[in-house]
Structure formats: structure tokens, C-alpha cells
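Those sequence lines, one after another, are chains A and B. Note that the UniProt record's numbering gives residue 399 to position 399 of the first sequence, counting from 1, and the numbers run on in steps of one. Note that the UniProt record's numbering gives residue 111 to position 111 of the second sequence, counting from 1, and the numbers run on in steps of one. Every residue, glycine too, gets a C-beta built ideally from N, C-alpha and C. Please read these numbers as outputs of a predicted model, since none were measured by experiment.
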Amino acid sequence: MYRYDEFDHAFVAARVEQFKDQVQRRLSGELTEEQFRPLRLMNGVYLQLHAYMLRVAVPYGTLSSRQMRKLGHIARTYDRGYGHFTTRQNIQYNWPALGDIPAILDELAEVEMHAMQTSGNCIRNVTADHFAGVAADEVADPRPFGEILRQWSSLHPEFSYLPRKFKISVTGAEHDRAAIQVHDIGLHLKKNEAGELGFAVYVGGGQGRTPMVAKMIRDFLPVEDLLSYTTAIVRVYNLHGRRDNKYKARIKILVHETGTEELTRQIEAEWQALKESDLKLPQGDIAAIDSYFRPPALLARPEGWAALAAAKKADAGFAAWVDQNVTPHKNPDYGVVTISLKPIGGIPGDASAEQMELVADIAEKFSQDEIRVSHEQNLVLPSVALADLHMVYELLLTDGLATANAGLITDIIACPGLDYCALANARSIPVAQRISVRFGAAERQSEIGELKIKISGCINACGHHHVGHIGILGVEKKGEELYQITLGGSADEITTVGEITGRGFSSEEVVDAIEKIVDTYLGLRASKDETFLAAYRRVGAAPFKEALYGEISRAA
Amino acid sequence: MSAAEQNQKQLWGREGFRDDPYIEAESLDAAGDAPAVILPLAAWLGLDDDVRRTSNRRIGVAVAPGEDIDPLLEKLDTIPLIALQFPAFNDGRSYSKAELLKGRHGFSGELRAVGDVLIDQVVFMLRAGFDTLQVTNRIALERLKGRDLHDTPGYYQPGRGSAQAGSYSWRRMPVA
Ligand code: HEM
Ligand code: SF4
Numbered sequence: 001m002y003r004y005d006e007f008d009h010a011f012v013a014a015r016v017e018q019f020k021d022q023v024q025r026r027l028s029g030e031l032t033e034e035q036f037r038p039l040r041l042m043n044g045v046y047l048q049l050h051a052y053m054l055r056v057a058v059p060y061g062t063l064s065s066r067q068m069r070k071l072g073h074i075a076r077t078y079d080r081g082y083g084h085f086t087t088r089q090n091i092q093y094n095w096p097a098l099g100d101i102p103a104i105l106d107e108l109a110e111v112e113m114h115a116m117q118t119s120g121n122c123i124r125n126v127t128a129d130h131f132a133g134v135a136a137d138e139v140a141d142p143r144p145f146g147e148i149l150r151q152w153s154s155l156h157p158e159f160s161y162l163p164r165k166f167k168i169s170v171t172g173a174e175h176d177r178a179a180i181q182v183h184d185i186g187l188h189l190k191k192n193e194a195g196e197l198g199f200a201v202y203v204g205g206g207q208g209r210t211p212m213v214a215k216m217i218r219d220f221l222p223v224e225d226l227l228s229y230t231t232a233i234v235r236v237y238n239l240h241g242r243r244d245n246k247y248k249a250r251i252k253i254l255v256h257e258t259g260t261e262e263l264t265r266q267i268e269a270e271w272q273a274l275k276e277s278d279l280k281l282p283q284g285d286i287a288a289i290d291s292y293f294r295p296p297a298l299l300a301r302p303e304g305w306a307a308l309a310a311a312k313k314a315d316a317g318f319a320a321w322v323d324q325n326v327t328p329h330k331n332p333d334y335g336v337v338t339i340s341l342k343p344i345g346g347i348p349g350d351a352s353a354e355q356m357e358l359v360a361d362i363a364e365k366f367s368q369d370e371i372r373v374s375h376e377q378n379l380v381l382p383s384v385a386l387a388d389l390h391m392v393y394e395l396l397l398t399d400g401l402a403t404a405n406a407g408l409i410t411d412i413i414a415c416p417g418l419d420y421c422a423l424a425n426a427r428s429i430p431v432a433q434r435i436s437v438r439f440g441a442a443e444r445q446s447e448i449g450e451l452k453i454k455i456s457g458c459i460n461a462c463g464h465h466h467v468g469h470i471g472i473l474g475v476e477k478k479g480e481e482l483y484q485i486t487l488g489g490s491a492d493e494i495t496t497v498g499e500i501t502g503r504g505f506s507s508e509e510v511v512d513a514i515e516k517i518v519d520t521y522l523g524l525r526a527s528k529d530e531t532f533l534a535a536y537r538r539v540g541a542a543p544f545k546e547a548l549y550g551e552i553s554r555a556a
Numbered sequence: 001m002s003a004a005e006q007n008q009k010q011l012w013g014r015e016g017f018r019d020d021p022y023i024e025a026e027s028l029d030a031a032g033d034a035p036a037v038i039l040p041l042a043a044w045l046g047l048d049d050d051v052r053r054t055s056n057r058r059i060g061v062a063v064a065p066g067e068d069i070d071p072l073l074e075k076l077d078t079i080p081l082i083a084l085q086f087p088a089f090n091d092g093r094s095y096s097k098a099e100l101l102k103g104r105h106g107f108s109g110e111l112r113a114v115g116d117v118l119i120d121q122v123v124f125m126l127r128a129g130f131d132t133l134q135v136t137n138r139i140a141l142e143r144l145k146g147r148d149l150h151d152t153p154g155y156y157q158p159g160r161g162s163a164q165a166g167s168y169s170w171r172r173m174p175v176a
């Protein structure tokens, strides 16, 4: 993975010093909260319902053991002993004292981390496929380009005061695990017929109150043009994106109002003028950054095949976990392990300091010192030898980290909701917990198969409900918390926005409603291989609406 | 704007504070006999080109974020000053215009930032191509007096006032 050089260290250190000074001035009263606000936002510090919150960037979701250990240390020393991994592959601390934040930033800088560009109307931390570099279906590792974008976008003089925040995501595989089509820019790294690397470029995806699937504006952009083309897109957006209404200030609205064709024309025209500028990436620089991400030389571990088969036979819990949470690695002697942060009835995405340290230890011994954070709020050990899987499983079991539910109905994404967030209409976390408990039995989950439930406490959609196979949205009606349900959303290579089923459900009713939907699916699926999403796409909303509202509509 | 605030306005450039010969006026007539005037874009575009070029006063133009700079492009070599406005610090459109005027179109007159100029944006403005900043914010004035610009030791992208960092192509170091 990328390592800071002196340039990066000096840059981050200077920013921390500046922020220390700003915090001092806030604490002494020289700065009012209003004057302090833009400064703290530049450093990832939000004001939440009860306290300040610090959001730390995990570029493209990749962490070393040392960094993970530091995150655990910070959780224990400055917070209440846990942290929250987010849908943008970052980590948030919900209870730091403002006076401690400079010290936290110092600690982060020691391990080459920071909190820049995690808030504000700038180019946010770039996200990537959490299986990047190891997935069997990958064309090339997209993270070197994530790193180039991270550097180039850091304190960008032209692009630090955009109309609204700007999110870029990259993937290097046909199967999109990074939800690139719901980002402001989505980049799909691929090869052309000549075998050269380039990107399919998508623009204008997003969720929030106007969910939109991104439009592909270029089928193949040579990699050396990454920064010039991105500059062209962001410049056109900066100049012409709406600023009169913050909900209409995203690039998706500009695409929608200008028309994809016309906006593409403007971007291409801008790019023609930039193409041969200083922004053109020399092959040598791409290769130099790429070399940081070269997979570690993995030892051949063919003994794992037999060992794994034997261990699965002997331990049913282990077998279930392997089947659900281990996916194919480029190297057939290895697997990619998803560590679920969704224990049955737990808070999605939360990890304790001890859990972070345990994961760090395991990664150091068994996964080439590397960990990933997924946008599904889980952790990933990217390279575990099949021969070591049982050992890793046993270690994870010791602290509740071996839940065998990756991709299943209890692997729920939920935003912080009313428990933390000042904008929320409704609670998200308790609903996730109750659904998790209702469907928690292993046989039942496995019978249901792949099913993604995503919950947001308000229309800002931090919990990605629009792209949940089942989405749940907290709304407020006459002072009551209600939950609206959407069906059929998806954020992979065939991205769709879910459709609203009808009137919302109360907090008491909502879990029953989800159960009705699930039972309806089980009753109508063509076979066990037809997933919820596939079945929904085949039959449409009608049978589900009938199940949810049938009696009411007949009575009316 | 009150007279008191008007008085506090100060003009700053890389070399430090300097006197401002310009006054802002809605039209040439309203400017009295001031030797240097900044007109709003519409008024500036309404001037007869010959009148403007043969005038013995300097006539600059102020551009609001929502206004287009295209009509100015073919006249750039005759414009002594363009003032790009920041009605609020977080309206960033004028950064892109600065970049286009200085970087792409080679504007060699004075490019000035006016409006909500705060200390935290000073380096961005200089790097985007502004030559001068009109400052009223108290903290910004104090910090500029102490030449405390909140700068970083290096930059991750090309910009004015910097040179190749001897590292990746996109990195730059400040030039003294
Ligand atoms: C608790 C404090 C939080 C607040 C006040 C907050 C606020 C917001 C707002 C206002 C938006 C909409 C922005 C827009 O107009 O486009 C948004 C979007 C988003 N938030 Fe949050 N958020 C919070 C926490 C989180 C957390 C914890 C996560 C991750 C789990 C998250 C992930 C996202 C994502 C992914 C989007 C983008 C949705 C899109 O594509 O439009 N947020 N947030
Ligand atoms: S979706 Fe709404 S409630 Fe949930 S975190 Fe985002 S802003 Fe808060």
C-alpha cells in the first residue's frame, strides 16, 4: 500500500499545526462557533446532536495493521472505546472532546492518516472496490489511481469551494462492488483491445432526495488523462453547478438540467484545452505509485485445499462462515475474508478498540499486514491462505467477529439516524437491530440468500436506502416516526433506484412489513438460485404491494 | 456598505499591503475624475471600445460569480484590472475563472479578488492566479500583517507561485 514520503509527512504536519492553532483560538473564545465552522469542517470535525464528531479518512478503504491499531488506540483513549466504520470506507468517532482533536490528528499523522477532505464542499476521500488488488475478477488494481486522485485533490486551490461535496469512486472489475454509478464521478478501470488501461467515466450519480444513476460520458479514457479529464469535469461543475439551493447543487442535477449530451460536449471541450497540460500523467509516475500497491509475493500454500476441506467437514460453524464470508482470491491458495461488523442484534459498522486491535493482529500475521474497510460497513482481510482460514476464524470468534452473514439479510447498512444525527427524522440503528434479531437464525438467513437491506434516517440517504434491495427510509408524518419502504434498488454494475411501495410503517410495524416482503419473495421465487433482486426484477412490485397493503386496498 | 467598513478595506498582494488607486463606480460618470475606476461588467461592456481605449483613466471590470467572462476574452490585452467577486467565501466560481484568465488566456493585467476574503483562502487565491486581494476581515488583516498565510510546505497540484517539486509530476513547491 501507499507509504507517505517526506512531502506527504510535511504537508500533513503543517495542517495539523494550523488546526491546533484554530482549536486553541476557538477554545479561548477568539473564534465564534460560526467562524470556526468552516475551519473544523476542513479537518473532518462535525457538530452532531450531542457532541463533536471526527471523521477520519481511510483512502480507498485500505489500512495497515499499524493504522488499525492506532484507530483502536484512539477509540480507547479519546472516545468511548469504539469507532464507527462508514459507508464511505471511513471511520467516525462520535464522542471526542474538541480539545483532544489536535492530539488525535497528531496520532493519526504518526501512522500516515488524516481527516482532510472528509467534509466540506470539496472532493471527498476517494473510495474503491474493497476487494481491489486481490479479487479474482479484477482487470487491474484501481487504488493507485485512487491515490493519485487523493493527492491531486488535497487542498486543491480551484476545487475547495465547489457547489457541494464531490465524491469519486473507482473500481477495476466488471462486477462493481464500489457503487460507482451512485457517485459524482464513477471510474471503471478496464483494458481496451490493445491491452492498454483506461477508464469508463460515469458522471452524475447520487442519492439524497433526488437519487440518480450516473451517465457514462466516456467509454475509454487513457489512464494518463485521468487528472486532466477530472479537472475538466469538476471545472464545468464548479462554474455551472447550481448554488441557489443546496439540494440541487450536486453534479447530478447539472447533468439532468443541462442534458447528458450537452454537458459531455462542454466537458470534452474543456478537456481538449487541458489534455496536453501539466496534468498529463507520465507513465513513470503511474508506475511509481502502482509499485506501492503491487501485491506482496504470496507463498504457495497448496496444503490449504485439503486442510480447508477437512476443517469444514469437522466444524459446521466454520463451514458456514467460509461459504458466506470468504470469496475467491487471484491466487487459488488464498481467500478474501469479510469480517462482518454486523453481529446479530448489534450496531452496524461499530467496532470496539479491542476488536480493532484483534483485527490488526490477525492481519499482521495472516493477511500480509493489510485490512480493508468496505462501503457495506464491514472489514476485509484481503489475502488469507486457505491453510490459515481456520486459525483466523477461531481468532475472530474470540471477540464476536465471525458472524457468517456477509451479503445476507442481517448484513444491514444503517446510517447513525436519530441516535446521533441532528437531521434525522427517525431512528435507524434500532430498526436494523430488530430486523437482525428477527432474521438472525442461520438456517433462515441462508434460506433467504443474498438480500441487501439499507436504512437511512432521512432523505439525505447516508444509509444508501435508494439502492438497497429493500430500502428503509425514516420520514416524519405529523410528529410520528414512519418508515417508507423501497424495493428493487441496487448499486452494482446494473444500478437501479428502488421503488417506493406505498404508505410508511410505524416503528412497531416495520419489521413485520419486512418479514411479509421476505415471505412473499420466498413464495414466488423460481428456485433457490433466484435472488430477491432477480425475482423482484422478474415479477415487479405488485405481489409485494399486495402482501403489504392488500387487505387495506380491498377494504377501501 | 458603511463608511467605516469602506475605510477598513485594504489591498494586499504577495509583496504586502499596497495603495489602491481604483475606486468602484456604477458608471464612468459616477466616478468623477478618479484616475482608475472599476465598473460592473454590464457597464464595462456598454462602453464604446474606442472611448475606453483612448481614455486617460484606467478602467477595470468587476465580474460577479454568476457572470460569464467570455465577452472579455478577446479584449484581455486592453484590460488593466479584472476584479472577480466572492460574495461569500464558499462561492468558489471565481477560482475557476481566475485559473482560466491567468492560466489559459494569459491575462497579464491585475487580477483582484474582492468580497469575503478570509485568511484560509488566501493561498488558494494566490495559487489560482489572483495578484491582489481586497481584504476587510479583521483576522485576515492581522494574519496578513504578520505574513501568516496558513500555507503548506508543498502542493499537490500545479498553481501559480510554485515550481516542480522534483517528485511526481503533479506536485509543486512554493517559489520564494
Ligand atoms: C451524523 C451525522 C451526519 C450528517 C449530519 C450527515 C449529513 C448528510 C447530508 C446532509 C447528506 C446529503 C448531502 C447532499 O445533499 O448530497 C449526506 C449524504 C451522505 N452521507 Fe451523511 N451525514 C452524517 C453521517 C453519515 C455517516 C455516518 C455516513 C456513513 C455511514 C454517511 C454517508 C453519507 C453518504 C454515503 C452520503 C451520500 C449519499 C448520496 O450519494 O447523495 N453520512 N449526509
Ligand atoms: S441519512 Fe439523514 S439521519 Fe441518517 S445520517 Fe444521514 S443525515 Fe443523518
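Indicate whether at least one CB of chain A lies closer than 7 angstroms to the CB of residue i.
i	result
residue 17 of chain B	no
residue 5 of chain B	Caution is warranted here: a pLDDT of 46 is assigned to residue 5 of chain B, below 50, making its placement in the model unreliable, and no coordinate value can be reported.
residue 88 of chain B	no
residue 157 of chain B	yes
residue 94 of chain B	no
residue 106 of chain B	no
residue 170 of chain B	yes
residue 14 of chain B	no
residue 2 of chain B	Bear in mind that a pLDDT of 42 at residue 2 of chain B, under 50, signals an unreliable position, so the model cannot answer this.
residue 112 of chain B	no
residue 166 of chain B	no
residue 127 of chain B	yes
residue 99 of chain B	yes
residue 32 of chain B	no
residue 154 of chain B	yes
Using beta carbons (cut-off 7 angstroms, strictly below), is residue i in contact with chain B?
i	result
residue 238 of chain A	yes
residue 348 of chain A	no
residue 278 of chain A	yes
residue 235 of chain A	yes
residue 285 of chain A	yes
residue 222 of chain A	no
residue 282 of chain A	yes
residue 166 of chain A	no
Could you round the C-beta distance between residue i and residue j to whole angstroms and report it? I think they count as a contact, below 8 angstroms.
i	j	result
residue 199 of chain A	residue 188 of chain A	6 angstroms
residue 141 of chain A	residue 172 of chain A	6 angstroms
residue 485 of chain A	residue 501 of chain A	5 angstroms
residue 300 of chain A	residue 390 of chain A	Contact doesn't hold; Cβ gap of about 19 angstroms is too wide.
residue 371 of chain A	residue 395 of chain A	Not really, about 14 angstroms apart at Cβ, beyond 8 angstroms.
residue 476 of chain A	residue 507 of chain A	Not confirmed; about 12 angstroms, so no contact.
residue 442 of chain A	residue 320 of chain A	6 angstroms
With residue i as the anchor, note down where its alpha helix (DSSP H) starts and where it stops.
i	result
residue 352 of chain A	First-last for residue 352 of chain A: 350 to 352, but that is the beta strand (DSSP E), not the alpha helix (DSSP H).
residue 108 of chain A	101 to 110
residue 21 of chain B	From DSSP, residue 21 of chain B is part of no alpha helix (DSSP H); its letter is neither H nor E.
Along the chain, where does the beta strand (DSSP E) that runs through residue i open and close?
i	result
residue 428 of chain A	Element bounds for residue 428 of chain A: n/a, residue is neither H nor E.
residue 229 of chain B	Missing from the structure shown is residue 229 of chain B; chain B here goes from 1 to 176 and no further.
residue 557 of chain A	With chain A covering only 1 through 556, there is no way to say anything about residue 557 of chain A.
residue 302 of chain A	Segment: none, residue 302 of chain A is in no beta strand (DSSP E) and carries neither H nor E.
Considering only heavy atoms of the ligand FAD, does any lie closer than 6 angstroms to the CB of residue i?
i	result
residue 457 of chain A	Although the ligand FAD was asked about, the structure shown includes only the ligand HEM and the ligand SF4 as ligands.
Q) Going along the chain, which residues of the region 143 to 160 of chain A sit with their C-beta nearer than 8 angstroms to a C-beta in chain B? A) 148, 151, 152, 153, 154, 155, 156, 157, 158, 159, 160
Along the region 5 to 30 of chain A, what residues have a CB closer than 8 angstroms to any CB found in chain B?
5, 7, 10, 11, 14, 15, 18
Check your understanding: Using Cβ-Cβ distances below 7 angstroms, what residues of the region 130 to 152 of chain B are close to chain A?
Key -> 150, 152
| query | Taking any Cβ of chain B, which residues in the region 240 to 251 of chain A have a Cβ under 8 angstroms from it, in chain order? | reply | 243
**OP:** Mind checking the region 79 to 105 of chain A against chain B and listing, in chain order, the residues whose C-beta falls within less than 9 angstroms of any C-beta there?
**Re:** Here the close residues number zero.
Notebook entry, point to check: If contact means a Cβ-Cβ distance below 9 angstroms, which residues of the region 255 to 278 of chain A contact chain B?
Noted result: 273, 274, 277, 278
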